[in-house]
Amino acid sequence: EKSMKQSTYFTVALLLLFFVLVNAKDLYCIDRATYNQTVDFRSDSRVMTYVKDEPGYQVNLQCKWILQPTNYDKPSQMYIRVPVIDFDVNNVTEAQCSLSNPNVDVFSMKLKMNDISAASSLNEFWCSNNSVKVKSQIVNLWDSSYKLALEFRSDDKQVRSNAKGVQVDVQVLGRDYCHRNMLFFEGSCYLITPERLTPAEAFSIAKNYLGNVFTVPKNRNDSDFFRPFIQRNSDRLEEFPFESPLSLTGSKVWTGYFIRFLDNPTASDVADNILSAQFLDPLNYCIVGSRKLTGTLGAGLNVQNKQSQCAVALEFTNNGDVKFTCESTDLRLPALIEFRQIPAANNASLHSQLFRTCNYLLGDGPSADVGGFSCKIGCVISLSGAGLAILFVVLLCACCVYCACCRKRDSPWEEFVIPQHEVEPFTA
Numbered sequence: 025e026k027s028m029k030q031s032t033y034f035t036v037a038l039l040l041l042f043f044v045l046v047n048a049k050d051l052y053c054i055d056r057a058t059y060n061q062t063v064d065f066r067s068d069s070r071v072m073t074y075v076k077d078e079p080g081y082q083v084n085l086q087c088k089w090i091l092q093p094t095n096y097d098k099p100s101q102m103y104i105r106v107p108v109i110d111f112d113v114n115n116v117t118e119a120q121c122s123l124s125n126p127n128v129d130v131f132s133m134k135l136k137m138n139d140i141s142a143a144s145s146l147n148e149f150w151c152s153n154n155s156v157k158v159k160s161q162i163v164n165l166w167d168s169s170y171k172l173a174l175e176f177r178s179d180d181k182q183v184r185s186n187a188k189g190v191q192v193d194v195q196v197l198g199r200d201y202c203h204r205n206m207l208f209f210e211g212s213c214y215l216i217t218p219e220r221l222t223p224a225e226a227f228s229i230a231k232n233y234l235g236n237v238f239t240v241p242k243n244r245n246d247s248d249f250f251r252p253f254i255q256r257n258s259d260r261l262e263e264f265p266f267e268s269p270l271s272l273t274g275s276k277v278w279t280g281y282f283i284r285f286l287d288n289p290t291a292s293d294v295a296d297n298i299l300s301a302q303f304l305d306p307l308n309y310c311i312v313g314s315r316k317l318t319g320t321l322g323a324g325l326n327v328q329n330k331q332s333q334c335a336v337a338l339e340f341t342n343n344g345d346v347k348f349t350c351e352s353t354d355l356r357l358p359a360l361i362e363f364r365q366i367p368a369a370n371n372a373s374l375h376s377q378l379f380r381t382c383n384y385l386l387g388d389g390p391s392a393d394v395g396g397f398s399c400k401i402g403c404v405i406s407l408s409g410a411g412l413a414i415l416f417v418v419l420l421c422a423c424c425v426y427c428a429c430c431r432k433r434d435s436p437w438e439e440f441v442i443p444q445h446e447v448e449p450f451t452a
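So for the sequence shown, this note's numbering puts the first residue at 25; every next one is plus one.
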């Protein structure tokens, strides 16, 4: 019975592989321009290779593709990533990679929605293997009015006779599946970044996925959440391509929790290894929340030092348990990222609610302590001191104006709004 089951899996795998190969198509930008070519994508991955390992390349080469899912009548999520960057030189730094530098060849790529480049979108320049920052991007396509364009251009120089390749993979995420390297669980997609990051970098990367660094849902305890989470990851072994999307065992990843030792913990908390952590809640406008975690402090951290702060990492042990440790914010680890699956029907009221991303809580950047959170506290303090009716009205108006300005200036969240008007066509 077991051999029959394995044989069935193997047959299904071959059929699916055949389907992928038949439907896949590589698109090239090597020796001639391509303008506004529409490319339909199914759920399978397609590869776009720009400049291959050819003897030379064309200068001022421009290519532009309009990417759209096959079923454009339903909301879809498109996953764009750059998995392969291979140049014939390694000595050009990121700072030297500029169109104004006459000594380097520059290849640029832009991702645009309705001919507008969002600040969070892919906007890359490549000159060598040392001048690149690989990025991934999730794009929500709510209906057919969302036109996603991928543009590539070589410069007007030809300093080198041979430049190798930049490869871009594009895939429509499967509903209730996400991606072969992502776990779909309770309405969200989860992934572990291939890069080792600082906590601040992890929060920045999460924005590319329209998501956040992972925190346990507020209404769930740790064991009730992680037990089915780990089990679902294991269950994917029985589904094509017959591998678990997340490598959990023995891995330590960043979460979205932080600890600042402003107050000494109670003696019972220290004895029971209880960590009082803070996090930013994307479902509540990224206002600061708190959660008690069972865990330990990393090496060199001292709760008695009120200037100390640390970021919480999650470790999946070999016996299927999880444990939290608070580590230095200078440490580099992979990060566990979560983003919501796009709803099956377009609902404009859910756009910002489901895909709100929070900024980094620690350090010098904007945080909820100086955003909406402190605005609300300021209102309460001002109003509670008003004794007279006229003063009450004045303070109420002033407080509302202050809150509006404060939220606009130092918002601890970012809401991704897709522009719908046309602008000038792509230029380098």
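For glycine and all other residues, C-beta sits at the position ideal for the given N, C-alpha and C. Because the structure is a prediction, the values reported are computed rather than measured.
Own chain, CB closer than 6 Å to Glu148, minus 5 neighbours either side, in chain order: Met133
Supposed contact pair Ile366 and Leu215 - C-beta distance, whole angstroms, cut 8 Å: Not really, about 16 Å apart at Cβ, beyond 8 Å.
Where Lys88 falls, given that 16 or more other Cβ within 10 Å makes a residue buried: Per the 10 Å Cβ criterion, buried.
Per-residue DSSP class, three states only, for Phe458: Limits of the chain in this structure are 25 at one end and 452 at the other, which puts residue 458 out of reach.
For Ile90, three-class secondary structure by DSSP: Here Ile90 sits in strand by DSSP.
Inter-stretch contact at 8 Å, needing at least 3 Cβ pairs: the stretch 260–276 / the stretch 335–345: yes
Asn125 versus Ser152: straight-line alpha-carbon distance, rounded: C-alpha separation (whole angstroms): 13 Å.
Backbone CA spacing between Thr320 and His375 [nearest angstrom]: 38 Å
For Cys334, the nearest candidate out of Cys350, Asp139 and Gly344 (CA to CA): Cys350
The stretch 117–131 contacting the stretch 209–224, beta-carbon criterion three pairs below 8 Å: no
N- and C-terminal bounds of the alpha helix (DSSP H) containing Leu378: Taken as a continuous stretch (DSSP letters only), the alpha helix (DSSP H) holding Leu378 covers His375 to Leu378.
Cβ neighbour criterion (16 or more within 10 Å) applied to Ser168: exposed
Exposure of Pro306, with buried meaning 16 or more beta-carbon neighbours within 10 Å: buried
Reduced DSSP category for Asn127 - H, G, I as helix; E, B as strand; rest coil: Correct three-state label for Asn127: coil.
Distance between Val336 and Ser300 (C-alpha atoms, nearest Å): So the alpha carbons of these two residues sit roughly 11 Å apart.
For Leu91 and Leu172, believed in contact at Cβ under 8 Å, the rounded distance: 5 Å
Whole-number beta carbon distance between Thr239 and Thr279, since they are thought to touch under 8 Å: Sure, about 6 Å apart at Cβ, within 8 Å.
Secondary structure of Ser247, DSSP reduced to three states: Helix at Ser247.
Residue burial classification, Gln55 (beta-carbon count within 10 angstroms, cutoff 16): The sequence as given places Asp at residue 55; Gln does not occur at that position. When all chains shown are included, Asp55 counts as exposed.
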